[in-house]
Structure formats: C-alpha cells, structure tokens
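Protein chains in written order, with the numbering used here: chain E, 494 to 821; chain W, 11 to 228.
Here is the structure:
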C-alpha cells in the first residue's frame, strides 16, 4: 500500500475535520486495508476512529428493558459484529439481526469489524477489486461484468454498474426499517436504509449515499416487529459471501402476518425491496403458498445475466424459507 | 582522617560529576515523559508519518520499541522487525488465517491490522502461548493427532483452537468447524485438526476416531 499519515480522532467532529480531501476513516480496517493493499484507494491520511470515548453511544448497544411498541434498540457505529452476534438479550428480540451478524466473515473478522464498516463496505465485484482494471465504479468508461464473468452480480439495478450490495447488516436493517444517524456538514441527519443506499442504485461510482467525510453515529432499530429472520446461501457453509441473502421482519399472531418487510441482498446495489409484496402479505396466513406469491412479486422485474440466472430460483426459495421462519 | 582510606566510598571528581549529571538528566526526562503523556492523553499525538515514527508494542508481555511507517502491518512488524516469525504471511488479505494472533485476547488477523493501530493493546503470538518451553494442551494435541502436514497454517489454527476452547471448553464438531472457519489449510488436514481440538477439550480420541462430513469445513 502507499504511505499515508495516521492520526487518531477523539470525537466525531474532530474526525470530520481531520479527514481532508483524500482521507479515510479507520475502524476495523478489514475492507479499507484490503483496498489499500490493492491500490484501489490510496488515502493521504487515515483517521483512526476507535479512540473515541465520547459520545459513549458510539460503542454501546442500548436495549431498553420492557420492550414496548415504540421502543428502539440503538447500536453504535463502533460496536463490533462479534459483540452484536454474542448479545444474548438482542437474540431474544431481534433474532434475525443475530443470524445476519453471525454469518459475517470469520471469528477473526467479526472481532474487529464494526457496524459502520459492514454497512459501508465497498463492492466485492472482481473487476472493481482487480488492481489492473479501471472499471466504471472506479471512474473508467465501462462495466466489464456486462460482457464478462457475472456469476455473483445483480439481478436488479438502476445504473450501468452490476455490482451488488454485500453487507449482511444492510439486508436485515432494511427488513427491520432501521434509521441511521449520520454526522453530515456539521449537522446530525437521520437516514432510512433506502436513503442510505439509494445513491448506489443510480450512480455507478458510489457504494452508498454517504460522502467520504460523513460520519456514521448510530443505528436505531424499531422493536415493534417481534419476529425477524435472516437466511443466506453461500458456496461455503462458513466464512463466505452470500450468493443471495434474504431478511424478513414482521408480527405474527394466530398464524397471520402483519407489518411485514422483506429484503434481498447480493441481487442489487441496494437491499432490494418490493412494496407490492408487503401489501400482498399484510394480514395473510403465513403459508408456503402465500410466501411463494410474495416471492413472485419481489422477483418480477429480475433481469438475469449470462451467469447469474441461478440467483432467481435461489432467491425465490430463500424468500419462502425466511418468511416461514417468522412463524413462532 | 582514617588510617584506612579503602573503607570509604571512593568518590573522586569524575564519578562525582558523572553521578550528578545522570541523576539530573533522569529527573528531567521523567518530567518531560510525564508531561508528554499528559499532552498525549489530552489531545493525542497529532498526525504521524508518512515517514517512520516510534511505535511501542506490547508483545507476549514485553514492551518492544520499533521505528515504523504507519503503513506497516502488525504482521510485518512481528515478522520482519520483531523478529517473531510464528505468525505466517500467506494471503495478506484477511482470508487464510495463517497470520492469526490475539489482540487483547481476541482472535485477529495481524495482516489486516496496522502496527501503529495495535499500540496500547496486548498482543499474543504463537510464541507466547507455551510457558517455560512447555507445549500447551492444544499444541500437544496437534502433535498427538498429526494435525499438520506442511505446517504453514498450524500456528494460526492453534491460535484459533486456543481461542475457541477459552470461550467454549467442550465444543462440538460443528462448533470446532465454525471456530476454525477463518483458517485455511491447503494440505486439507481438517479432520485431524478437528480431532486435535476434540482431544484438547478432553474428549476421548483414539487412532480409529473418525471425523465425518469434514468436506463442508473449507
């Protein structure tokens, strides 16, 4: 990797002031160091954001006792994936979140990777990650996946880049309707998961909607959906990216589902959701037949490429499995 | 004056000035050091690099000083500046686990950690596991179960197995696979590794014990 200056920030404001025009924040470093070693990015300054004792919310999981319909669980940006995956009380109220976190990387990665790093990780497309190719995402003039090897690429996209979002947390967060708090241009803004990723849907040179200097603070998870689940299929049973992932959340009473949200991962540059499927499922029995019809609605506009057609039936099966896993 | 001058401490001009000099410097440097610590605590050291900067790492219970650029990884610092060559460099991308160490007791890829970022934390390498030349139970079980072929992945797998048993002293076969999932063995010794971890956990493992379904490990 190229050389750089290293500096530790003690507050989010200080981090924003230190990052400059070509800086990067460093937390777990798994994604960033990988990109720097391959010269995908070469920051002038690396701002260590692990030394922040204030605000304390950055490093904590706040789970209110006596869960009510209006309560939220708040997880700080610096909380590690291992801390989420091992949280016994979270497991009771947000089982889908635990399932999604447990499937991230390996023990070594989960121990250092943070919530913010997982949400903000960059594309895993092999053309994007190849040092000798300047693809569309890196400012080149074409996406090589269209005519090239596109086994792991998107079924849906609003732009010419075919690389999908691969963050497990983005998928379960979309299903749980999480609000992300971000420090941006001196103010604190709250973004939905759709807003957090929408830029990547239309702009091939982005991975999400944040500017490089924007600073992620917390994720706020509504606890009103009492059932949640996450399922993925990968080529390896452990330590692998999902070929397709699916998350669902909702309430189930007397076999009927309400307030349901379903999101797919690794099939689009954003966690992919179809409102029509949610409307269809509202108040219906949670049966394989209904889950299958919802899957048809979600996958209606899929545009398979030369090598990723397998993702359509895989996603169909995963949607059914994940929805049926909501049954208590 | 005493008739026996040898019983007196021999203080001459040179040793007198020398002792005054060093004690004054020592007092001064303690004060400067304390002041620097206070300043660092308040504001941090400011931007460091890109040239080599002083870095202090706590490795296997001993403080060690380095002069390294911020871009040097912990693995590089250990192996090429340590020199502690137990942690191995293979993929250098956080994929194979050969570089695995503990940072504050937690399993970590040292190739994906900057050395400058590991300051202030306790680093344990494979060299720091056994005490007084004795193998740990995990290391002995790897020997007994023939859990290595070329041996290049072994330090990383021993670290992963040690971390697993610390948090889960009686793991099942599938828990062992999951605990060791961040470590690749190119020779494919996985069934013997699983046997070794089972043995280290106190399970009865014999010549004829077979580990099934190991194909799903890697």
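Even glycine gets a Cβ: it sits at the ideal position worked out from N, Cα and C.
Keep in mind it's a predicted model, so treat the numbers as computed, not measured.
Enclosing beta strand (DSSP E) for residue i [first to last residue]
i, result
"residue 528 of chain E", "Counting along the chain, residue 528 of chain E falls outside any beta strand (DSSP E), though it belongs to the alpha helix (DSSP H) covering 523–530."
"residue 119 of chain W", "116–119"
"residue 110 of chain W", "110–113"
"residue 744 of chain E", "737–746"
"residue 72 of chain W", "72–78"
The alpha helix (DSSP H) enclosing residue i, as first and last residue numbers
i, result
"residue 668 of chain E", "661–669"
"residue 501 of chain E", "Taken as a continuous stretch (DSSP letters only), residue 501 of chain E belongs to no alpha helix (DSSP H), being part of the beta strand (DSSP E) at 498–501."
"residue 577 of chain E", "574–578"
"residue 508 of chain E", "505–512"
"residue 236 of chain W", "No answer is possible for residue 236 of chain W: it lies beyond the span of chain W, which begins at 11 and ends at 228."
"residue 805 of chain E", "804–817"
"residue 585 of chain E", "581–586"
"residue 609 of chain E", "608–613"
"residue 602 of chain E", "600–605"
Integer-rounded CB distance, given that residue j should sit under 8 Å from residue i
i, j, result
"residue 527 of chain E", "residue 103 of chain W", "6 Å"
"residue 709 of chain E", "residue 570 of chain E", "5 Å"
"residue 723 of chain E", "residue 564 of chain E", "That belief does not hold up - the Cβ atoms of residue 723 of chain E and residue 564 of chain E are roughly 21 Å apart, past 8 Å."
"residue 769 of chain E", "residue 755 of chain E", "At roughly 11 Å, the Cβ-Cβ gap does not stay under 8 Å, so residue 769 of chain E and residue 755 of chain E are not in contact."
"residue 133 of chain W", "residue 67 of chain W", "6 Å"
"residue 206 of chain W", "residue 163 of chain W", "That belief does not hold up - the Cβ atoms of residue 206 of chain W and residue 163 of chain W are roughly 13 Å apart, past 8 Å."
"residue 784 of chain E", "residue 817 of chain E", "6 Å"
"residue 630 of chain E", "residue 691 of chain E", "That pair is no contact at about 16 Å."
"residue 737 of chain E", "residue 674 of chain E", "Between residue 674 of chain E and residue 737 of chain E the Cβ distance is about 29 Å, and since that is not below 8 Å, they are no contact."
"residue 520 of chain E", "residue 500 of chain E", "Not confirmed; about 14 Å, so no contact."
"residue 742 of chain E", "residue 669 of chain E", "5 Å"
"residue 727 of chain E", "residue 588 of chain E", "Actually they do not touch by this definition, with Cβ atoms about 20 Å apart."
Reduced DSSP category for residue i - H, G, I as helix; E, B as strand; rest coil
i, result
"residue 132 of chain W", "strand"
"residue 542 of chain E", "coil"
"residue 60 of chain W", "coil"
"residue 644 of chain E", "coil"
"residue 177 of chain W", "helix"
"residue 35 of chain W", "With a pLDDT of 45 at residue 35 of chain W, under the threshold of 50, the predicted position of this residue should be treated as unreliable, and no value is reported."
"residue 146 of chain W", "coil"
"residue 756 of chain E", "strand"
"residue 517 of chain E", "strand"
"residue 558 of chain E", "coil"
"residue 568 of chain E", "strand"
"residue 154 of chain W", "helix"
"residue 65 of chain W", "strand"
"residue 549 of chain E", "helix"
"residue 629 of chain E", "helix"
"residue 124 of chain W", "strand"
"residue 830 of chain E", "Because chain E is modelled from 494 through 821, residue 830 of chain E falls outside the range shown and cannot be assessed."
"residue 750 of chain E", "strand"
Closer than 6 Å: residue i CB and nearest the ligand GTP heavy atom
i, result
"residue 522 of chain E", "No copy of the ligand GTP appears in this structure; indeed no ligand is present at all."
Of all the beta strand (DSSP E) runs that stay within the bounds of the stretch 764–797 of chain E, which reach a length of 3 or more residues?
None, since the stretch 764–797 of chain E contains no complete beta strand (DSSP E) of that length.
Can you list, in chain order, the residues of the stretch 91–103 of chain W whose Cβ is nearer than 8 Å to any Cβ on chain E?
Listed by position along the chain: 102, 103.
The stretch 594–615 of chain E: positions lying closer than 7 Å to chain W by Cβ:
Identification of residues in the stretch 594–615 of chain E having a C-beta nearer than 7 Å to some C-beta of chain W yields 599, 600, 601, 602, 604, 605, given in sequence order.
Ordered list of alpha helix (DSSP H) runs contained in the stretch 670–731 of chain E, each at least 4 residues:
Within the stretch 670–731 of chain E, the complete alpha helix (DSSP H) runs of at least 4 residues fall at 686–695.
Please identify, using Cβ separations under 7 Å, the residues of the stretch 523–535 of chain E that lie next to chain W, in order along the chain.
Listed in sequence order: 523, 526, 527, 530.
At a Cβ cut of 9 Å, what residues of the stretch 57–71 of chain W count as close to chain E, listed as they run along the chain?
Residues of the stretch 57–71 of chain W whose Cβ lies closer than 9 Å to any Cβ of chain E, in chain order: 57, 58, 59, 60, 61, 63.
Residues from the stretch 698–710 of chain E in contact with chain W, defined by Cβ distance under 8 Å
Listed by position along the chain: nothing, the set is empty.
Against chain E, which members of the stretch 128–155 of chain W pass a CB distance test of less than 8 Å?
Result list empty, no residue passes.
Curious, which full-length beta strand (DSSP E) runs of at least 3 residues does the stretch 158–220 of chain W contain?
If we require 3 residues or more, the stretch 158–220 of chain W turns out to have no beta strand (DSSP E) run fully inside it.
Along the stretch 565–584 of chain E, what residues have a CB closer than 8 Å to any CB found in chain W?
Of all residues in the stretch 565–584 of chain E, only 575 place a beta-carbon less than 8 Å from a beta-carbon of chain W.
Along the stretch 107–118 of chain W, where does the CB come closer than 7 Å to a CB of chain E? Name the residues.
Against chain E - using a Cβ distance shorter than 7 Å - the residues of the stretch 107–118 of chain W are 107, 110, 116, 117, 118.
In chain order, what residues of the stretch 177–203 of chain W put their CB closer than 7 Å to some CB of chain E?
If the cut-off is 7 Å between Cβ atoms, the stretch 177–203 of chain W has 187, 188, 189, 191, 192 near chain E.
If the cut-off is 8 Å on Cβ atoms, which residues from the stretch 536–554 of chain E count as contacting chain W, listed in chain order?
Hits within the stretch, in order: 538, 539, 541, 543, 544.
Of the residues that make up the stretch 497–511 of chain E, which ones have a beta carbon closer than 7 Å to any beta carbon in chain W?
The residues in question are 497, 498, 499, 500, 501, 503.
Taking a cut of 8 Å between CB atoms, which residues from the stretch 719–735 of chain E lie near chain W?
Result list: 729, 730, 731, 732.
Could you list the residues in the stretch 70–85 of chain W with a C-beta less than 8 Å from some C-beta on chain E, going in chain order?
Cβ contacts with chain E: 79, 80, 81, 83.
For the stretch 764–791 of chain E, which residues have a beta carbon sitting closer than 8 Å to at least one beta carbon of chain W?
Result list empty, no residue passes.
Closer than 8 Å between beta carbons: that is the criterion. Which residues of the stretch 156–172 of chain W meet it against chain E?
From the stretch 156–172 of chain W, only 170 have a Cβ closer than 8 Å to chain E.
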